[in-house]
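Colleague:
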Amino acid sequence: MGRKRVYEVVKHLPAEELDKMIKGLEKDTRVLKRLYFIRYLYRGMSVEKAADLVGVTKATGYTWLKRWNSNS
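The end of the sequence shown is residue 72 by UniProt numbering, with every number in the run present.
In structure tokens:
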């Protein structure tokens with residue numbers, strides 16, 4: 001058996017700045033995930049299937065649908 005290679009990462013910016021960038025994009029990905037979920041419903045997909053595709057539980061899917069429908 002060979003030895004495992006250890007790869008180093010080049011730290012182009014401080015860890016705090018990287019954390020800040022990640023934090024800034026986390027909310028955007030949550031919104032995007034919800035919009036994909038709603039788009040799947042627009043296309044006729046069931047809540048269960050749409051929730052599965054975006055990686056959330058069926059209960060979360062129904063919560064998102066309820067919120068979406070109440071924002072009309």
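Beta carbons: idealized from backbone N, C-alpha and C, even for Gly. Model, not experiment: these values are computed from the prediction.
Beta-carbon separation of residue 54 and residue 33 under 8 Å?
Modeller: Here residue 54 corresponds to residue number 54 of the sequence shown, with the count starting at 1. Here residue 33 corresponds to residue number 33 of the sequence shown, with the count starting at 1. Yes.
Colleague: For the alpha helix (DSSP H) that residue 36 lies in, which residues bound it at each end?
Modeller: In the sequence shown, counting from the first residue as 1, residue 36 sits at position 36. 15–42 is the extent of the alpha helix (DSSP H) around residue 36.
Colleague: So is residue 61 buried or exposed if we call it buried at 16+ other beta carbons inside 10 Å?
Modeller: The sequence position of residue 61 within the sequence shown is 61, counting from 1. That one is buried.
Colleague: If I'm right that residue 50 touches residue 57 with Cβ under 8 Å, what's the distance once you round it to whole angstroms?
Modeller: On the sequence shown, position 50 is the one that residue 50 refers to. On the sequence shown, position 57 is the one that residue 57 refers to. Rounded, the Cβ-Cβ distance is 12 Å, inconsistent with contact.
Colleague: Quick one: Cα of residue 24 to Cα of residue 64, how far?
Modeller: Stepping through the sequence shown from its first residue, residue 24 is reached at position 24. Stepping through the sequence shown from its first residue, residue 64 is reached at position 64. C-alpha separation (whole angstroms): 22 Å.
Colleague: What is the DSSP secondary structure of residue 56, counted as helix, strand or coil?
Modeller: On the sequence shown, position 56 is the one that residue 56 refers to. Coil at residue 56, not helix or strand.
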